[in-house]
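Asks: Below is the structure I would like to discuss, written out as structure tokens.
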Amino acid sequence: MSTPLRLGTRGSALALAQSQQTADALTAATGRPVELVRIVTSGDRSSAPVAQLGVGVFVSALRDALLAREIDFAVHSYKDLPTAEHAGLHIAAVPPREDPRDALVTKGNRTLAELPPGSLVGTGAVRRIAQLRALGLELQVTPIRGNVDSRIARVHGPEADLDAVVLARAGVARLGRTAEISETLDPMLMLPAPAQGALAVECRADDADLVELLAALDHAPSRAAVVAERAMLATLEAGCSAPVAAHAELAEGESGDEIYLRGAVISPDGVRAIRLSRTGTPADAAEIGKALAADLLDAGADTLMGSTE
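Shown next, in the form of structure tokens:
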């Protein structure tokens, strides 16, 4: 039992940080040593915008290594995973989720409302771009790529060329850089991406012993929230490249815990948006997500999805 488990990870600072945190948690919970194995993905090798790369570019190489038995398990940013299940693989754990909200890093530590008209704001997600445009703040929004460090450097570095960047708060937190956040954005202003801030710990479905071992890391409330958000996304996803956002919260209700799920589909120009919500029990998380997607489609979300060219 002393043989180290091989944890596959991308080589970015954020991927290494979240994989090391997961490895340390597993060792603390089970006593099993873990070693990190770096895997280069096609997403890491490309400089194209994320929206053009397609779903799964950051995870396919890790999954290939899993299936080839080059590693024992992998840690993904959950929002990078395709919504379709992989027949040979299993999400054995969803560890406690980091704060899923988006964060703003600005020159002069300004809040979003304090940015002057014409300020140049960078972000990599069409979802964030659309919601920034929807706020009507007269900001110039530009798509950017890069890791957390390089994005923040475009605001605070020696060659800074942006007034602000918007990025996931979870990544900034996992790198220990929350002191540089000017504002954590209220989901009423900026609804997060489905599964943002959550990790997926994945292994081979036929490795029963490891499935059982990794279950020690699972956090049921985080898993339920992610299941609801991703069920909504999956139901909307056919032919869909429109900005889609979702945020599920668990709260104590009159007869036990309840999930409150908010979802939105926004036109890329920010002019039109459909925002709806659903509630239910954690046991019905997937059905809540599917029902909210159906509500969004009934309200005309498909017309926004068709306007993404």
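Just so we're aligned, residue 1 is where the sequence shown starts under the UniProt record's numbering, counting upward by one.
Quick reminder that beta carbons are idealized off the backbone N, C-alpha and C, glycines included.
Remember, it's a predicted structure, so these values are computed and weren't measured experimentally.
Report buried or exposed for residue 3, applying the criterion of at least 16 other Cβ atoms within 10 angstroms of its Cβ.
Replies: When all chains shown are included, residue 3 counts as exposed.
Asks: What's the gap between the Cα of residue 282 and the Cα of residue 92?
Replies: 18 Å
Asks: What is the DSSP secondary structure of residue 68, reduced to helix, strand or coil?
Replies: coil
Asks: Below 8 Å between beta carbons: does that hold for residue 151 and residue 135?
Replies: No.
Asks: Can you find the residues in the same chain that come closer than 6 Å, C-beta to C-beta, to residue 79, ignoring five residues on each side of it along the sequence?
Replies: 193, 195 and 196
Asks: Out of curiosity, what's the CA-to-CA distance linking residue 30 and residue 297?
Replies: 45 Å
Asks: Taking buried to mean at least 16 other C-beta atoms within 10 Å of its own C-beta, is residue 102 buried or exposed?
Replies: buried
Asks: Answer with buried or exposed for residue 178, where buried requires no fewer than 16 other C-beta atoms within 10 angstroms of its C-beta.
Replies: exposed
Asks: I think residue 66 touches residue 74, with their Cβ atoms under 8 Å apart; what is that distance to the nearest whole Å?
Replies: 6 Å
Asks: Would residue 201 be called buried (16 or more neighbouring beta carbons within 10 Å of its own) or exposed?
Replies: buried
Asks: Tell whether a beta-carbon distance below 8 Å holds between residue 34 and residue 62.
Replies: no
Asks: What would DSSP say about residue 171, mapped onto helix, strand or coil?
Replies: helix
Asks: Look at the Cβ atom of residue 76, then the Cβ atom of residue 199, and state whether they are nearer than 8 Å.
Replies: Closer than 8 Å, so yes.
Asks: Sorted by chain position, which residues of the same chain lie with C-beta nearer than 6 Å to residue 301's C-beta, five sequence neighbours on each side aside?
Replies: 265 and 274
Asks: Alpha carbon to alpha carbon, what distance is there between residue 37 and residue 221?
Replies: Straight-line Cα distance between these residues: approximately 29 Å.
Asks: Decide if residue 238 is buried, meaning its Cβ has at least 16 other Cβ atoms within 10 Å, or exposed.
Replies: Residue placement at residue 238 is poorly supported in this model, since its pLDDT is 45, which falls under 50; the coordinates still yield a value, given next. Residue environment: residue 238 is assigned as exposed (fewer than 16 neighbouring CB atoms within 10 Å of its CB, all protein chains considered).
Asks: Suppose the cutoff is 7 Å on Cβ atoms and the five residues either side in sequence are ignored; what does the same chain contact list for residue 17 look like?
Replies: 174 and 175
Asks: Rounding to the nearest angstrom, what Cα-Cα distance links residue 205 and residue 214 in this structure?
Replies: 12 Å
Asks: Give the list of continuous beta strand (DSSP E) stretches no shorter than 3 residues that lie fully inside the stretch 237 to 295.
Replies: DSSP runs (the beta strand (DSSP E)) wholly in the stretch 237 to 295: 244 to 253, 256 to 266 and 273 to 280.
Asks: Output the residue ranges of the beta strand (DSSP E) runs that lie fully inside the stretch 67 to 152 and measure 3 residues or longer, sorted by chain position.
Replies: 73 to 77, 89 to 93, 102 to 106, 120 to 123 and 140 to 143
Asks: What are the partner residues of residue 317, as DSSP defines its beta bridges?
Replies: It is not possible to answer for residue 317, since the shown part of the chain is limited to 1 through 309.
Asks: Given a cut-off of 8 Å, decide if residue 251 and residue 97 are closer than it, judged by their beta-carbon atoms.
Replies: no
Asks: Is residue 34 helix, strand or coil by DSSP?
Replies: strand
Asks: Of the residues 127, 170 and 130, which one's Cα is nearest the Cα of residue 147?
Replies: 170
Asks: Anyone know if the C-beta pair for residue 120 and residue 149 falls short of 8 Å?
Replies: no
Asks: Using the three-state DSSP reduction, which class does residue 18 fall into: helix, strand or coil?
Replies: helix
Asks: Alpha carbon to alpha carbon, what distance is there between residue 268 and residue 159?
Replies: 29 Å
Asks: With a cut-off of 8 Å on the beta carbons, I'd call residue 112 and residue 183 a contact; round off their distance for me.
Replies: 6 Å
Asks: Nearest to residue 88 by alpha carbon, out of 203, 116 and 20?
Replies: Taking only the C-alpha atoms, the option nearest residue 88 is 203.
Asks: Kindly indicate the opening and closing residues of the beta strand (DSSP E) around residue 9.
Replies: 5 to 9
Asks: Between 262, 64, 249 and 129, which lies nearest to residue 290 when the distance is taken from Cα to Cα?
Replies: 262
Asks: Of all the options 143, 118 and 180, which has the alpha carbon lying nearest to the alpha carbon of residue 125?
Replies: 143
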